[in-house]
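Take a look at the structure below.
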Amino acid sequence: MSTRRPRHFLSLADLTPAELSRLIERGIELKAMRRARETHEPLKNRVLAMVYEKSSTRTRVSFETAMIQLGGGAIFLSAHDTQLGRGEPVEDMARVLSRMVDAIMVRTFDHDKLRRLAAYSEVPVINGLTDRHHPCQLLADLQTFVEHRGPIAGKTVAWIGDGNNMCHSYIEAAGLYGFTLRIACPPGYGPREEIGDAAASAVRRCDRPQEAVRGADLVVTDVWASMGQEQESHARREVFRRFQVDENLLSLAKPEALFMHCLPAHRGEEVSAGVIDGPRSVVWDEAENRLHAQKALLEFLLD
Ligand code: CP
Ligand code: NVA
1 MSTRRPRHFL
11 SLADLTPAEL
21 SRLIERGIEL
31 KAMRRARETH
41 EPLKNRVLAM
51 VYEKSSTRTR
61 VSFETAMIQL
71 GGGAIFLSAH
81 DTQLGRGEPV
91 EDMARVLSRM
101 VDAIMVRTFD
111 HDKLRRLAAY
121 SEVPVINGLT
131 DRHHPCQLLA
141 DLQTFVEHRG
151 PIAGKTVAWI
161 GDGNNMCHSY
171 IEAAGLYGFT
181 LRIACPPGYG
191 PREEIGDAAA
201 SAVRRCDRPQ
211 EAVRGADLVV
221 TDVWASMGQE
231 QESHARREVF
241 RRFQVDENLL
251 SLAKPEALFM
261 HCLPAHRGEE
271 VSAGVIDGPR
281 SVVWDEAENR
291 LHAQKALLEF
301 LLD
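Under the numbering used here, read the sequence shown as residues 1 to 303, first letter to last.
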């Protein structure tokens, strides 16, 4: 086996700004190639193992489809029916999978578990979402903005709602890509302090959602209770009530502002139906771009 350390993608900080820009451009190219029905199979016979400890629709389907379209294949491994769910250490799983597959995608709760798996893996490990980050979604979001509005550098993005994994990845993206991120979360629900360090000059905390959205080029939100926080859903609905992205709030953004949500969404909670199903919403392009952006990522890590 190779002794060279593989490139992992555990958060956006694993990429340089130049690499991130190239990935976005490549995602756009791969999308055009797919639209033209061009066959592009650089990953023939290559296999991606996908380890899931949480539910997924988009991540699973986009990675699996990406591998098939690139000429390889993907194996879905649920924690419930692998030995991981029965206590096999992730370090051992990493070493075993590395001997068989070409890359490992992991969706888990604890970011530290992902780091431990990556430390023992001899093949690239991709973060398919942890409680701390969701970097693959950011690749799709950035691609979507660039397709609709051109470069995001210098623009203003408003994050409204929970200071969760998506918010953390937006903070990293702001630092890497040079946009201003205004964050409005209820007191006590903001992003973890240490996440902002590298992007401190790009990030501004706002007390009110109106302050964050005024003049923004992009407005983004996410569920109020993430996977694993189901028991808090009721209490969170009360706390977050003033933080719904509705038509009134969105009207404060620039006239050409876009709305994004990584999905799944709860209409009537974090976003009104009028906004998510309205003319400024690009959520379906955003969801589709998971496929193209991750194809660019797989090519980058594997080819
Ligand atoms: N946005 C996203 O990651 O969706 P899934 O949970 O369906 O994968
Ligand atoms: N913040 C959400 C994102 C789902 C894609 C969660 O972690 O459940």
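Even glycine gets a Cβ: it sits at the ideal position worked out from N, Cα and C.
Straight through space, the alpha carbons of ASP207 and TYR189 are spaced by roughly 12 angstroms. Under the 8 angstroms Cβ criterion, the region 171-185 does not count as touching the region 221-230, having fewer than three qualifying pairs. With respect to LEU263, ALA296 sits apart: the two C-beta atoms are not nearer than 9 angstroms. ARG208 sits in coil when the DSSP states are folded into three classes, being neither helix nor strand.
LYS44 sits exposed, since fewer than 16 C-beta atoms from the chains shown fall within 10 Å of its C-beta. When DSSP states are grouped into helix, strand and coil, HIS133 belongs to the coil group. Taken through DSSP and simplified to helix, strand or coil, ILE68 comes out as helix. For ALA158, the enclosing beta strand (DSSP E) starts and ends at 156-160. Judged by beta-carbon spacing, VAL106 lies within the 9 angstroms limit of VAL125, meaning their Cβ atoms are closer than that value. Between LYS254 and ASP277, the gap from beta carbon to beta carbon reaches 9 angstroms or more. ARG58 and LEU48 have their C-alpha atoms spaced approximately 16 angstroms apart. Bridge partners of MET260 according to DSSP: VAL220.
Taking all protein chains in view, the Cβ of ARG99 is surrounded by fewer than 16 other Cβ atoms within 10 Å, so the residue is classified as exposed.
Beta-carbon to beta-carbon, GLY178 and ALA153 are separated by about 4 angstroms, close enough to satisfy the 8 angstroms threshold. Proximity to ALA13 across GLU232, HIS133, GLY72, ILE75 peaks at HIS133, based on C-alpha coordinates.
The alpha carbon of ARG214 has as its nearest neighbour, out of LEU252, GLY196, ARG192, the alpha carbon of LEU252.
By the neighbour-count definition (other C-beta atoms within 10 Å, threshold 16), ILE68 is an exposed residue.
As a beta-bridge residue in DSSP terms, ARG182 pairs with ALA158, ARG204.
Going by C-alpha positions, VAL271 is about 37 angstroms away from THR82.
For LEU117, the three-state secondary structure derived from DSSP is helix.
Ranked by Cα distance from GLY163, the first of LEU77, ALA118, VAL51, PHE243 is PHE243. With distances taken between CA atoms, PRO6 lies nearest to GLU122 out of LEU30, PHE259, GLU122, MET50.
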